[in-house]
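A short write-up of the structure that comes next.
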Amino acid sequence: MAIARVAEPSGSLQEVREWGLDREDLLQIYRNMLITRGVEERGHILYRQGKIPGSFYTGRGNEASSVGVAMAMGADDVGTPLHRDMGVHITRGVEPWRIFAQYMGRADGPTHGRDGNVHMADSRLGLLAMVSHLPAMLPVAVGCALAFRIREEQRVAVAWYGEGASARGDTHEGMNFAGVRRLPVVFICDNNQWAYSTPTHLEYAVEHLADRANAYGFDGVVVDGTDVLAVYREAKRAIDKARGGGGPTLIECQTLRMEGHAVHDDAFYVPKELFERWAERDPIERFRTWLRSNADLSDDEEEQIGAYVKKLLNDALQKAEESPQPDPATLLDGVYATPEDLDTPHHK
Amino acid sequence: MATNTAVDVVMPQMGVSVSEGTITKWSKNVGDTIEADETLLEISTDKVDTEVPSPASGVVSEILVQEGETVEVGTVLARIGGEPAAAAPTAPPEPATQPAAEATAAAATEGRAAPPEPEPEPVAKPAEPVAPGNGKAFVSPVVARIAAEHGIDPSQVSGTGTGGRVTKKDIQGFIESGAQAPQAPAPEPPSQPAPVQAPPPAPAPAAAPAPPAAKPAAAPIPATVGSAQAGESLEPMSAMRRGIAEHMRRSLDTSAHVTSAIEVDMTRVVQIREKLKKEYQAAYGVNPTYLAFIARATVETLRDYPWVNGELRGDQIVTRNYVNLGFAVELADGKGLIVPNLKNAETLNLLGMAKGIADVARRARDKQLTPDDVAGGSFTITNPGGYGTFHGTPVISQPQAGILGTYAIVKRPWVITDENGADAIAIRSMMNLTLTYDHRLVDGAYAGRFLRDLRERLQGWGETDY
Amino acid sequence: MSEKTYLQAISDGLRTEMRRDNRVFVLGEDVGVYGGAFKVTLGFQEEFGSWRVIDTPLSETAIVAGATGAAMMGLRPVAEMQFADFVSCAWDHLVTVAAKQRWRAGTPVPIVLRLPSGGGFSGGPFHSQNPESSFAHIPGLKCVCPATPEDAKGLMISAIEDPNPVLFFEHKHLYRRIKGEVPDERYTTPIGKARIHAEGDDVTVITWGAMVYTAEEAAKMVDASVEIVDLRTVMPWDKQAVLDSVRKTSKVLVLHEDTRTGGFGGEIAATIAEEAFEDLDAPVKRVTAPDSPVPFSPVLEKAFIPQPDGVAKALKELISY
Chain V
10 MAIARVAEPS GSLQEVREWG LDREDLLQIY RNMLITRGVE ERGHILYRQG
60 KIPGSFYTGR GNEASSVGVA MAMGADDVGT PLHRDMGVHI TRGVEPWRIF
110 AQYMGRADGP THGRDGNVHM ADSRLGLLAM VSHLPAMLPV AVGCALAFRI
160 REEQRVAVAW YGEGASARGD THEGMNFAGV RRLPVVFICD NNQWAYSTPT
210 HLEYAVEHLA DRANAYGFDG VVVDGTDVLA VYREAKRAID KARGGGGPTL
260 IECQTLRMEG HAVHDDAFYV PKELFERWAE RDPIERFRTW LRSNADLSDD
310 EEEQIGAYVK KLLNDALQKA EESPQPDPAT LLDGVYATPE DLDTPHHK
Chain B
1326 MATNTAVDVV MPQMGVSVSE GTITKWSKNV GDTIEADETL LEISTDKVDT
1376 EVPSPASGVV SEILVQEGET VEVGTVLARI GGEPAAAAPT APPEPATQPA
1426 AEATAAAATE GRAAPPEPEP EPVAKPAEPV APGNGKAFVS PVVARIAAEH
1476 GIDPSQVSGT GTGGRVTKKD IQGFIESGAQ APQAPAPEPP SQPAPVQAPP
1526 PAPAPAAAPA PPAAKPAAAP IPATVGSAQA GESLEPMSAM RRGIAEHMRR
1576 SLDTSAHVTS AIEVDMTRVV QIREKLKKEY QAAYGVNPTY LAFIARATVE
1626 TLRDYPWVNG ELRGDQIVTR NYVNLGFAVE LADGKGLIVP NLKNAETLNL
1676 LGMAKGIADV ARRARDKQLT PDDVAGGSFT ITNPGGYGTF HGTPVISQPQ
1726 AGILGTYAIV KRPWVITDEN GADAIAIRSM MNLTLTYDHR LVDGAYAGRF
1776 LRDLRERLQG WGETDY
Chain C
2 MSEKTYLQAI SDGLRTEMRR DNRVFVLGED VGVYGGAFKV TLGFQEEFGS
52 WRVIDTPLSE TAIVAGATGA AMMGLRPVAE MQFADFVSCA WDHLVTVAAK
102 QRWRAGTPVP IVLRLPSGGG FSGGPFHSQN PESSFAHIPG LKCVCPATPE
152 DAKGLMISAI EDPNPVLFFE HKHLYRRIKG EVPDERYTTP IGKARIHAEG
202 DDVTVITWGA MVYTAEEAAK MVDASVEIVD LRTVMPWDKQ AVLDSVRKTS
252 KVLVLHEDTR TGGFGGEIAA TIAEEAFEDL DAPVKRVTAP DSPVPFSPVL
302 EKAFIPQPDG VAKALKELIS Y
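Quick look at the structure:
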């Protein structure tokens, strides 16, 4: 028996306009989704070329979810996106060349080679870098919301986690505290159905993870994570509600992780038919179809957008490859912060 | 015949190799009258114990060396006649006497390392290990640095630290006082010319230093036998220690010591012992020690390797149809070692071995061994592993041809191969065994096979093997 | 100047900063209405309100992670663990997030974590520990362990000012037993600077926290001039002060209430061996708790926590070495 609300699919252009998106916004969403996928596809190639050390993770299938939520965030809002949420970084304005530099451990990556893959964030864009211990950043986002509440600011924190990390105590402790204090935080659960090789029925026993919101005293919503406009709509509602003092919301975005846990994993344990079924709901193709039938996306526009994305990524890759290797002599720099380090937009 | 000039009584030389003797008993006290040739004192040397007859008739005017003290041959022990002594010496300390049997039987001990292979060139004899508490020789880092900075030999400085160690304060004080000549630590400053209080160390510094003196012209004389340097203390060697020392030296001079080691998986023995322990304790009041298992396996293995249980006697090789198995037992006071043996150990099963070992160990500690217990051993086991050591090179108890060393049983990761030939790492109770053997008689391969067979016996110990 | 207990001094430092800087707030279990398990924040909620003195759920993760997030948003949280022992529940947020965020992502995390630590009152295995060495081992964290009321206040203010996560180990056994003159005005005590608790020439004791007083007692029991160096902060630690004292006395005892193996004393001893070897006149000695959990029974606890007579015995060995 479901407790959470199941969100309806996205509607007409008219409806979308009511949520605050004009046609240019829609094309921006489309571009961001293409860039998101493009960055990860190129990254995968770089990895196989031996240019990326360590491991490599992608969020194929999660583009609508990540871009949709990020589009709904305000400029002063903050978020803690994870490794399937490249679309958040792209939408918040992280330049692709810096992401490639990050992948390759170069000096110009957001972490300057100190951390790898999607363990990065540009705090000036309101993003806090994830850690591997999922969902350790979820209660941290709650802490951001606490700061907003203490200062009575109209800002919202967005905390991402996956259905795998839903089993961790951090999820509970963070949500409980947020619920008790009605903090301005929105929890986004990327439910891509597989925690590495573990399927959902071995991770949780409720019908929807969003059902759990009820236990913390706030609303839960289940949304089709391949429908970018539906995701946007639900995120916008939740963020606006939090901003207005209405407390947290838990949004469960249902997707399928379309590749392995990391690129070394061929996901043999995922039934082939499941991949085939979800491939038919590819978020980018789905949105492209919607744009063509609802927003008059033309062949020319498509071609233009495609060429733009291609050039953006080619240039980014070239620039990233020119980025120097980090200097080993700097290894100890910044282990401890100096008072000057606090001179950031956030710490003011 | 009385005499007006004092006659010295000196420590006699009881054999060409003897350099010192220990006074075991004074028969006369100061003030007693003695006739020439009458026994004045008894002494003990490493060759013989004997009485010393008085060289003259008269009154014993001085006794200069007390009972228990060991002095060099030629040292003046007493004076007969001359001026009467001012005061009688204090009562001598208890003589340290030991049954002679122990001294001669004391044998196998952890000692110095034998070379892994017989080497043509003689191994330099290392100095005697520094006794605990004798810190004179140890120079701490800061003292070494200060000494180097000031060009001082730290041994010139009197030490007040533990065992006479030169402390930082000592060397600083030495420098501050203008680097005076070193003095033996004394409660009083050596301002007056000191009367000779004891037999002077030979050769003594020529003149008493006139304070404040300049730097000494030469380094102080190193310690010589019989005289204590600053910070040292002397005690007479017991007869047992003397016996051990002589035996150790002689053994190394006699046998070509080589040591081989092998690792033994004792897991089965540990398990079986656990089972037997209760039964043996309850039924026989005896603990089936690991040593008993090892001894049992050793005796069995020695049957196949008679030369390890043998002896070189002149040009003859001796082999035996029995094993008199010796065990090195530390005495309760920690001041010596004795090696009683179990006669006809080949007739003993595990229980008999355990009982026999317990019995000789107890009697050794209670000093109840008979001379027969320590004579006639054919092979020896020494067990220093009780202290956690994992390797050693024991010295053979002469005239035997080998000594087995057993060491601590410790749990270690160990690669084992199962019956299908698959390798795995397991936690096993492992023990090292060493065989130190006389390479004149026993070849390395022979010793290696002995150790291998001994290991197989221990590793394959059956539930019903006793 | 006024006489304050160690506890009052901590409270005073915290209140001083909350009055001066409205970014400073406290959060923890029972810190508000109740005033904290040890009453450090008694009366704070009345003065500063319930959004600056926040009673949290029983949730160390939410407390430390919440403080971390709030700090990255520009506030200066002072989070209380009811007992230092419970920080284990928040390890990830302290060690995985807060300690590494500046180095990794350029985002400083200026939080203070108050950790009532130490034993001596039958608190048992879970209310008595001194886990400073565990955190001193984590690059990015600072660990302060004041011994006196004056330092407690000054270090509290320094900790709040510091742009890093600072673990403030306040020793429970000192809370009400130790009194001292504390300046009424605001002042800071530098993090990373030791204090010479007692000057001496013959032997040095390097210690911190409650063991400063144990060292003091022990020094009375020996016939020698004992220098007591109170590190005050374990990370960073005042290597120079330690080496200076070593060079002076050449004999060193490192004393801590934490257990021996991996305790911070090992780091100090190793550093002395590396950097002052030629100044040593004796081996560096350690007196610490043995490698067991903290026992409950008073008899056992006395055997666990280093006592003055044990310290005196070690001092005598060093003196006569």
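Protein chains in written order, with the working numbering: chain V, 10 to 357; chain B, 1326 to 1791; chain C, 2 to 322.
The beta carbon of each residue, even a glycine, is placed where N, CA and C say it ideally should be.
Since the structure is predicted, the reported quantities are computational estimates derived from the model, not experimental observations.
- Quick one: grab the DSSP three-state call for Met42 of chain V. helix
- Task: In angstroms with no decimal places, state the Cα-to-Cα distance between Asp239 of chain C and Ala270 of chain C.
- Result: 13 Å
- Taking the Cβ atom as the reference point for each residue, do Lys180 of chain C and Thr17 of chain C lie within a distance shorter than 9 Å? no
- Message: Nearest by alpha-carbon distance to Thr1487 of chain B: which of C:Lys5, C:Glu4, C:Ser3 and C:Lys317 is it?
- Response: C:Lys317
- Task: To the nearest angstrom, report how far apart Gly1460 of chain B and Ile320 of chain C are at their CA atoms.
- Result: Note that Gly1460 of chain B scores a pLDDT of 43, beneath 50, so its modelled location is shaky and nothing firm can be said.
- Query: Beta-carbon separation of Leu1729 of chain B and Leu1760 of chain B under 9 Å?
  - Reply: yes
- Is the number of C-beta pairs between the region 279 to 290 of chain C and the region 252 to 265 of chain C that are closer than 8 Å three or more? yes
- Can a CB atom of chain B be found closer than 9 Å to the CB of Tyr35 of chain C? no
- Message: Please list, in chain order, the residues of the region 11 to 43 of chain C that have any C-beta partner in chain V closer than 7 Å.
- Response: Phe26
- Identify the residues that DSSP records as bridge partners of Asp199 of chain V: which are they? V:Gly171 and V:Cys262
- In three-state terms, what does DSSP make of Val1740 of chain B? strand
- Nearest to Val1611 of chain B by alpha carbon, out of B:Thr1492, B:Ile1682, B:Gly1476 and B:Arg1737? B:Ile1682
- Query: Measuring CA to CA, which of B:Ser1576, B:Gly1702, B:Val1401 and B:Asp1684 is closest to Lys1668 of chain B?
  - Reply: B:Gly1702
- With His1572 of chain B as the anchor, note down where its alpha helix (DSSP H) starts and where it stops. Ala1564 to Thr1579
- Query: Hey, quick one: how far does the beta strand (DSSP E) through Thr62 of chain C stretch, first residue to last?
  - Reply: Counting along the chain, Thr62 of chain C falls outside any beta strand (DSSP E), though it belongs to the alpha helix (DSSP H) covering Glu61 to Met73.
- Message: On the DSSP bridge list, what partners appear for Ile229 of chain C?
- Response: C:Ala199 and C:Val206
- Task: Examine chain C for any beta-carbon lying closer than 9 Å to the beta-carbon of Asn185 of chain V, and answer yes or no.
- Result: yes
- C-beta contact flag for Ile112 of chain C and Val167 of chain C at 9 Å: yes
- Task: Determine the direct distance from the alpha carbon of Arg1737 of chain B to that of Leu142 of chain C, and round the result to whole angstroms.
- Result: 37 Å
- Query: Listed from N- to C-terminal order along the chain, which residues in the region 260 to 286 of chain C have their beta-carbon within a distance smaller than 7 Å of any beta-carbon of chain B?
  - Reply: Phe278, Glu279, Asp280, Leu281, Asp282 and Ala283
- Whole angstroms is fine: what's the gap from Tyr1615 of chain B's alpha carbon to Arg1638 of chain B's? 33 Å
- Query: So what does Phe26 of chain C bridge to, in DSSP terms?
  - Reply: C:Pro78
- Item | Segments of 3+ residues assigned as beta strand (DSSP E) that fall wholly inside the region 184 to 257 of chain V | 194 to 200 and 228 to 233
- Item | Short CB-CB distance (under 9 Å) between Ser226 of chain C and chain B | no
- Task: Using the Cα positions of Ala1433 of chain B and Tyr1712 of chain B, report the straight-line distance between them to the nearest angstrom.
- Result: Per-residue confidence for Ala1433 of chain B stands at a pLDDT of 38, beneath the threshold of 50, marking its modelled position as unreliable; no derived number is given.
- Item | Anticipated Cβ contact below 8 Å, Val232 of chain V with Ala239 of chain V, distance rounded | 5 Å
- Message: Tell me whether the region 1398 to 1409 of chain B and the region 1342 to 1357 of chain B touch, counting them as touching only if at least three CB pairs, one residue from each stretch, are closer than 8 Å.
- Response: yes
- Message: My output table needs one value for Met113 of chain V: the three-state DSSP class, helix, strand or coil.
- Response: coil
- Query: Beta-carbon of Phe65 of chain V versus every beta-carbon of chain C: anything under 9 Å?
  - Reply: no
- Query: With burial defined as no fewer than 16 other Cβ atoms inside 10 Å of the residue's Cβ, what is the status of His198 of chain C: buried or exposed?
  - Reply: buried
- Whole-angstrom distance between Pro78 of chain C and Val27 of chain C, CA atom to CA atom: 6 Å
- Message: Short of 8 Å in beta carbon distance, which residues of its chain neighbour Thr262 of chain C, apart from the five on each side in sequence? Order them along the chain.
- Response: Asp292
- Item | Length of the line joining the Cα atoms of Gly183 of chain V and Tyr39 of chain V | 33 Å
- Task: For the alpha helix (DSSP H) containing Asp1495 of chain B, list its first residue and its last residue.
- Result: Lys1493 to Glu1501
- Taking Cβ positions, are Ser1590 of chain B and Ile1741 of chain B nearer each other than 9 Å? Note that residue 1590 of chain B corresponds to Asp in the displayed sequence, not to Ser. The answer is yes: Cβ separation under 9 Å.
- Message: Tell me the residue span of the alpha helix (DSSP H) that contains Ser74 of chain V.
- Response: Glu72 to Ala81
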